[in-house]
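**Student:**
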Amino acid sequence: MNEAQIITMLWAVGIVAEAMTGALAAGRRQMDLFGVVMVGCATAIGGGTVRDMLIGNYPLVWVANVEYLVAIAAAALLTVAIAPVMRYLSRLFLAIDALGLAVFSVIGAQKTLALGLDPLVAIVMGVVTGVFGGIIRDIFCQEIPLVFRKELYAIISLLTAGLYVVLDHFHVDTGLSLVVCLSLGFLFRMLAIRRHWTMPTFNYQEPAH
Amino acid sequence: MNEAQIITMLWAVGIVAEAMTGALAAGRRQMDLFGVVMVGCATAIGGGTVRDMLIGNYPLVWVANVEYLVAIAAAALLTVAIAPVMRYLSRLFLAIDALGLAVFSVIGAQKTLALGLDPLVAIVMGVVTGVFGGIIRDIFCQEIPLVFRKELYAIISLLTAGLYVVLDHFHVDTGLSLVVCLSLGFLFRMLAIRRHWTMPTFNYQEPAH
Amino acid sequence: MNEAQIITMLWAVGIVAEAMTGALAAGRRQMDLFGVVMVGCATAIGGGTVRDMLIGNYPLVWVANVEYLVAIAAAALLTVAIAPVMRYLSRLFLAIDALGLAVFSVIGAQKTLALGLDPLVAIVMGVVTGVFGGIIRDIFCQEIPLVFRKELYAIISLLTAGLYVVLDHFHVDTGLSLVVCLSLGFLFRMLAIRRHWTMPTFNYQEPAH
Chain A
1 MNEAQIITML WAVGIVAEAM TGALAAGRRQ MDLFGVVMVG CATAIGGGTV
51 RDMLIGNYPL VWVANVEYLV AIAAAALLTV AIAPVMRYLS RLFLAIDALG
101 LAVFSVIGAQ KTLALGLDPL VAIVMGVVTG VFGGIIRDIF CQEIPLVFRK
151 ELYAIISLLT AGLYVVLDHF HVDTGLSLVV CLSLGFLFRM LAIRRHWTMP
201 TFNYQEPAH
Chain B
1 MNEAQIITML WAVGIVAEAM TGALAAGRRQ MDLFGVVMVG CATAIGGGTV
51 RDMLIGNYPL VWVANVEYLV AIAAAALLTV AIAPVMRYLS RLFLAIDALG
101 LAVFSVIGAQ KTLALGLDPL VAIVMGVVTG VFGGIIRDIF CQEIPLVFRK
151 ELYAIISLLT AGLYVVLDHF HVDTGLSLVV CLSLGFLFRM LAIRRHWTMP
201 TFNYQEPAH
Chain C
1 MNEAQIITML WAVGIVAEAM TGALAAGRRQ MDLFGVVMVG CATAIGGGTV
51 RDMLIGNYPL VWVANVEYLV AIAAAALLTV AIAPVMRYLS RLFLAIDALG
101 LAVFSVIGAQ KTLALGLDPL VAIVMGVVTG VFGGIIRDIF CQEIPLVFRK
151 ELYAIISLLT AGLYVVLDHF HVDTGLSLVV CLSLGFLFRM LAIRRHWTMP
201 TFNYQEPAH
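Protein chains in written order, with the UniProt record's numbering: chain A, 1 to 209; chain B, 1 to 209; chain C, 1 to 209.
1) Could you round the C-beta distance between Val131 of chain C and Val147 of chain C to whole angstroms and report it? I think they count as a contact, below 8 Å.
2) If contact is defined by three or more beta carbon pairs under 8 Å, each pair taking one atom from either stretch, is the stretch 70-87 of chain C in contact with the stretch 158-169 of chain C?
3) Counting contacts by CB-CB distance shorter than 7 Å, is Leu78 of chain C in contact with chain A?
4) I'd like to check one pair, Gly22 of chain A with Val137 of chain A: are the Cβ atoms closer than 7 Å?
5) Going by the beta-carbon positions, is the gap between Ala122 of chain C and Thr112 of chain C smaller than 7 Å?
6) In angstroms, rounded to a whole number, what distance separates the CA positions of Phe34 of chain C and Asp168 of chain B?
7) Ignoring anything shorter than 4 residues, give me the alpha helix (DSSP H) runs that lie fully in the stretch 124-182 of chain A, in order along the chain.
8) Inspect the CB distances between the stretch 191-207 of chain A and the stretch 103-119 of chain A and report whether three or more fall short of 8 Å.
9) Just verifying my parser: in three-state terms, what is the DSSP assignment at Asp118 of chain B?
10) Taking all protein chains shown into account, do 16 or more other C-beta atoms lie within 10 angstroms of the C-beta of Glu18 of chain B, making it buried, or fewer, making it exposed?
11) Counting only runs of 4+ residues fully inside the UniProt domain "Glycine transporter" (9-82) of chain A, write out the alpha helix (DSSP H) ranges in chain order.
12) If we ignore side chains and look at the alpha-carbon of each, how far apart do Cys181 of chain A and Ala4 of chain C end up?
13) Among the residues of its own chain, which have a CB less than 7 Å from the CB of Leu60 of chain C, if the five just before and after it don't count?
14) So what's Thr198 of chain B in DSSP terms, helix, strand or just coil?
15) Can you round the beta-carbon distance between Gly126 of chain C and Gly108 of chain C to whole angstroms, since I take them to be within the 8 Å contact cut?
16) Run through chain B and tell me which residues come within less than 8 Å of residue 210 of chain C, C-beta to C-beta.
17) Once you ignore the five residues that flank Ser105 of chain C on each side, which residues in its own chain have a CB closer than 6 Å to its CB?
18) For chain C, find out if any of its Cβ atoms is closer than 7 Å to the Cβ of Asn2 of chain A; answer yes or no.
19) Is it buried or exposed for residue 229 of chain A, if we count other Cβ within 10 angstroms and need 16 for buried?
20) What is the DSSP secondary structure of Gln110 of chain A, counted as helix, strand or coil?
21) When the Cα atoms are used, what is the spatial distance from Met9 of chain C to Val37 of chain C?
22) May I ask you to list, following chain order, the residues of the stretch 43-61 of chain A that have a beta carbon less than 8 Å from some beta carbon of chain C?
23) Given Trp197 of chain B, which residues of its chain have a CB within under 6 Å of its CB, disregarding the five upstream and five downstream residues?
24) Could you name the residues of chain B that Ala83 of chain A contacts, counting a contact when the two beta carbons are closer than 8 Å?
25) Which bits of chain C does Ala154 of chain A rub up against, with CB to CB less than 9 Å?
26) Name, please, each residue of chain C whose Cβ falls closer than 8 Å to the Cβ of Cys141 of chain B.
27) Answer with buried or exposed for Pro145 of chain B, where buried requires no fewer than 16 other C-beta atoms within 10 angstroms of its C-beta.
28) If you draw a straight line from the alpha carbon of Gly56 of chain C to that of Leu69 of chain B, how long is it in whole angstroms?
29) Just to confirm, are Gly14 of chain C and Gly133 of chain C a CB contact at a threshold of 7 Å?
30) According to DSSP, is Tyr88 of chain A part of a helix, a strand, or is it coil?
31) Which of the three DSSP states, helix, strand or coil, is assigned to Ile3 of chain C?
32) Which residues in the same chain as Pro119 of chain C place their Cβ atom closer than 6 Å to its Cβ, once the five residues preceding and following it in sequence are excluded?
33) Strictly below 7 Å CB to CB, what residues from chain A border Arg149 of chain B?
34) Do Leu54 of chain C and Tyr204 of chain A count as a contact pair if the criterion is CB distance below 7 Å?
35) Buried or exposed for Gly175 of chain A, please, with buried defined as at least 16 other CB atoms from any protein chain shown within 10 angstroms of its CB.
This is the structure in structure tokens:
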């Protein structure tokens with residue numbers, strides 16, 4: 001396999017894993033099977049969809065390749081079937097989610113650079129690709145987006161996309177750059193989970209009038 | 001009237017009815033008149049707007065024909081005026097909403113096919129057109145989207161759009177196809193309401209850690 | 001400075017002020033620094049972004065000029081640093097926000113007219129530009145959008161954009177028109193705050209079944 005095939009494969013693993021976490025979030029809210037499919041799809045492809053709509057990059061990936069959408073919907077429904085087993089796979093899912101975060105961030109940056117846009121825009125779009133699926137999932141489930149509140153997640157997306165853009169700027173070999181960015185992004189996320197690293201929060205309460 | 005005129009007329013009835021249900025939802029949350037207009041407009045044209053933004057189909061219908069938007073806003077405000085009567089019209093509204101669901105689903109699929117996109121994409125866009133107005137309404141009203149939780153609604157949109165796409169594939173006369181799809185979609189929805197048919201739900205609760 | 005420069009400067013003041021109100025909203029929900037930046041950015045540029053996505057006007061302003069986004073993110077983070085002082089600046093912020101509302105509404109209408117779209121569409125897009133940043137902020141913070149519930153806000157956006165479009169229609173000098181619209185929009189909003197003017201609300205409760 002060449003590097004484009006490897007990253008496509010990692011991306012496919014990532015969206016399936018995201019679809020399954022979306023389905024579980026729907027299950028926590030006792031949605032019906034349509035809700036499971038919708039939240040699963042939104043979680044898996046929401047980030048890339050928002051990115052492409054922001055930069056006007058049509059057709060969307062899943063409109064041009066609707067088989068991805070079918071696979072995501074199937075993964076969401078499969079999650080319902082295997083839910084009793086999912087409890088024992090939560091560590092595995094955290095790892096796949098960490099890999100997915102790194103892959104999405106790199107792909108978002110890469111696609112934006114390929115369109116000739118500014119490197120800073122590429123970093124922003126890497127973060128959008130990495131985190132907006134989860135933001136839409138949480139809005140559908142009527143929760144304040146987790147990514148605004150807890151843990152190192154978005155910042156890892158930012159650093160991964162940023163590193164990719166910097167390495168690209170210095171013409172580092174793409175294959176090498178992918179290995180470095182994905183490894184570091186993945187490791188950083190796994191460390192952040194294990195060590196319970198968090199971002200500082202901002203607590204602002206208005207004085208009584 | 002030819003079939004294009006009939007479907008446009010049914011669509012107009014549908015968006016007016018959706019605007020009124022949106023206005024009632026705003027009233028349940030005690031919004032002000034601007035909220036009523038905004039939620040009414042989002043409910044009526046949200047589905048078609050999301051569809052056209054996803055497939056990059058510009059200009060949007062209500063941007064090209066802003067008189068539709070004015071009519072929707074007027075319908076939302078009218079709802080406030082006639083609210084005391086609305087209580088007695090809830091059965092009528094359920095019927096119009098059922099017709100609207102079928103019309104929106106068929107139109108969404110039809111417009112997508114007309115752009116030369118994949119039949120599966122057309123079915124997806126039929127569902128988006130049918131259900132996203134209600135999803136945006138519920139997000140504006142801070143509720144978990146009803147369509148993710150209750151009753152046969154989205155699945156009827158899916159079957160109606162699917163049937164239209166299949167009949168189109170086999171070159172069935174469009175007028176006949178419209179009559180069949182709209183009748184079956186409408187009847188199925190009315191039966192689902194009367195018989196309280198529901199989708200299976202997915203209840204996933206995490207074990208205590 | 002010519003009039004284009006003045007309006008750009010007022011716009012810059014407006015988006016910085018909106019970024020700061022977004023950051024405070026995030027602080028009320030005890031979000032982390034990433035949440036602060038995201039809610040700040042969404043509040044500041046959400047309105048213009050939604051407008052341009054609705055009319056298919058690419059590239060988006062902040063994609064073409066990513067330095068604006070960096071400035072907005074910096075303003076959001078600065079807000080965290082100077083939060084203890086912010087309590088004493090709430091009157092100043094209300095005034096800047098009132099000015100921002102007028103500026104955003106006029107710019108939204110102006111840009112839409114410049115694209116050759118219908119004057120009514122221009123008014124709608126003025127309102128979208130004026131109020132959608134706050135709508136997205138409230139959805140991210142899991143609140144029913146304030147603009148749907150309280151105070152004269154959206155209606156001032158509507159009147160300001162409407163006046164601009166009318167004056168443009170009668171070929172009034174743009175500089176004069178800007179002065180008139182911005183002054184009246186600002187004054188109307190300040191009066192509405194001081195006098196506690198509100199829109200009528202719509203309270204619709206279903207009868208028990």
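Where is the CB? At the ideal position from N, CA and C, for every residue including glycine. Remember, predicted model here, so these are calculated numbers, not experimental data.
**Tutor:** Let's see:
1) Within the third sequence, residue 131 of chain C is the residue found at index 131, counting from 1. Within the third sequence, residue 147 of chain C is the residue found at index 147, counting from 1. The Cβ separation is near 5 Å, so the contact holds.
2) By the C-beta criterion, the stretch 158-169 of chain C is judged not to be in contact with the stretch 70-87 of chain C, since fewer than 3 inter-stretch pairs fall below 8 Å.
3) As a first step, residue 78 of chain C must be located in the third sequence, where it is residue number 78. Output row for Leu78 of chain C: interface = no.
4) As a first step, residue 137 of chain A must be located in the first sequence, where it is residue number 137. As a first step, residue 22 of chain A must be located in the first sequence, where it is residue number 22. The sequence as given places Arg at residue 137 of chain A; Val does not occur at that position. A contact, by the Cβ cut-off of 7 Å.
5) On the third sequence, position 122 is the one that residue 122 of chain C refers to. On the third sequence, position 112 is the one that residue 112 of chain C refers to. Thr112 of chain C sits close to Ala122 of chain C, with the two beta carbons spaced by under 7 Å.
6) Translated into the one-based positions of the third sequence, residue 34 of chain C becomes position 34. Translated into the one-based positions of the second sequence, residue 168 of chain B becomes position 168. Between the alpha carbons of Phe34 of chain C and Asp168 of chain B lies a gap of roughly 48 Å.
7) Taking only runs of at least 4 residues, the alpha helix (DSSP H) segments lying wholly in the stretch 124-182 of chain A are 154-169.
8) By the criterion of at least three beta-carbon pairs nearer than 8 Å, the stretch 191-207 of chain A is not in contact with the stretch 103-119 of chain A.
9) For the purposes of this step, residue 118 of chain B is taken as residue 118 along the second sequence, with counting starting at 1. Asp118 of chain B sits in coil when the DSSP states are folded into three classes, being neither helix nor strand.
10) Taking the first residue of the second sequence as position 1, residue 18 of chain B is located at position 18. So Glu18 of chain B ends up on the buried side.
11) If we require 4 residues or more, the alpha helix (DSSP H) runs fully inside the UniProt domain "Glycine transporter" (9-82) of chain A come out as 33-55, 61-64, 66-81.
12) As a first step, residue 181 of chain A must be located in the first sequence, where it is residue number 181. As a first step, residue 4 of chain C must be located in the third sequence, where it is residue number 4. The alpha-carbon atoms of Cys181 of chain A and Ala4 of chain C are separated by roughly 43 Å.
13) One-based indexing of the third sequence puts residue 60 of chain C at position 60. Listed in chain order, the non-local C-beta contacts of Leu60 of chain C below 7 Å within the same chain comprise Thr49, Asp52, local neighbours out to five positions each way being set aside.
14) For the purposes of this step, residue 198 of chain B is taken as residue 198 along the second sequence, with counting starting at 1. In the three-state reduction of the DSSP assignment, Thr198 of chain B falls in the coil class.
15) Mapped onto the third sequence, residue 126 of chain C falls at position 126. Mapped onto the third sequence, residue 108 of chain C falls at position 108. Cβ-Cβ separation between Gly126 of chain C and Gly108 of chain C: approximately 4 Å, consistent with a contact (criterion under 8 Å).
16) Any property of residue 210 of chain C remains undetermined from this structure, which presents chain C solely from 1 to 209.
17) As a working note, residue 105 of chain C is residue 105 in the third sequence. Result list for Ser105 of chain C: Gly126, Gly130, Ser157, Thr160, Ala161, in chain order.
18) Counting from one through the first sequence, the residue named residue 2 of chain A turns up at place 2. For Asn2 of chain A, no Cβ of chain C is located within less than 7 Å of the residue's own Cβ.
19) Limits of chain A in this structure are 1 at one end and 209 at the other, which puts residue 229 of chain A out of reach.
20) For this step, residue 110 of chain A is matched to residue 110 along the first sequence. Three-state result, Gln110 of chain A: helix.
21) Within the third sequence, numbered from 1, the residue matching residue 9 of chain C stands at position 9. Within the third sequence, numbered from 1, the residue matching residue 37 of chain C stands at position 37. Distance from the CA of Met9 of chain C to the CA of Val37 of chain C, rounded to the nearest whole angstrom, comes to 22 Å.
22) Taking 8 Å as the Cβ-Cβ cut-off, the stretch 43-61 of chain A approaches chain C at Met53, Leu54, Ile55, Gly56, given in chain order.
23) Residue mapping note: residue 197 of chain B aligns to position 197 of the second sequence, counting from 1. So the list reads Leu152, once near-sequence residues are dropped.
24) For the purposes of this step, residue 83 of chain A is identified with residue 83 of the first sequence, where counting begins at 1. Per Cβ cutoff of 8 Å: Phe202, Tyr204.
25) Residue numbering aside, residue 154 of chain A sits at position 154 when the first sequence is read from its first letter. Residues of chain C with a Cβ closer than 9 Å to the Cβ of Ala154 of chain A are, in chain order, Asp32, Phe34, Gly35, Val37, Met38.
26) In the second sequence, the residue the question calls residue 141 of chain B occupies position 141. Annotation: Cβ neighbours of Cys141 of chain B in chain C (cutoff 8 Å, chain order): Ile144.
27) Counted from its first residue, the second sequence places residue 145 of chain B at position 145. With 16 or more other Cβ atoms within 10 Å, it is buried.
28) The sequence position of residue 56 of chain C within the third sequence is 56, counting from 1. The sequence position of residue 69 of chain B within the second sequence is 69, counting from 1. Cα to Cα, the separation comes out at about 18 Å.
29) The residue given as residue 14 of chain C occupies position 14 in the third sequence. The residue given as residue 133 of chain C occupies position 133 in the third sequence. No.
30) Counting from 1 along the first sequence, the entry for residue 88 of chain A is found at position 88. If DSSP states are grouped into helix, strand and coil, Tyr88 of chain A belongs with the helices.
31) Counting from one through the third sequence, the residue named residue 3 of chain C turns up at place 3. According to the sequence shown, residue 3 of chain C is Glu rather than Ile. Per DSSP, reduced to three states, the secondary structure at Glu3 of chain C is helical.
32) For the purposes of this step, residue 119 of chain C is identified with residue 119 of the third sequence, where counting begins at 1. If we look at Pro119 of chain C and ignore the five residues flanking it on each side, its Cβ neighbours are Val165.
33) Numbered from 1 along the second sequence, position 149 holds the residue referred to as residue 149 of chain B. Those within 7 Å of Arg149 of chain B in chain A are Met31, Asp32, Gly35.
34) Position 204 of the first sequence, counted from the start, is the residue given in the question as residue 204 of chain A. Position 54 of the third sequence, counted from the start, is the residue given in the question as residue 54 of chain C. Going by beta carbons, Tyr204 of chain A and Leu54 of chain C fall outside the 7 Å limit.
35) In the first sequence, counting from the first residue as 1, residue 175 of chain A sits at position 175. Result: exposed.
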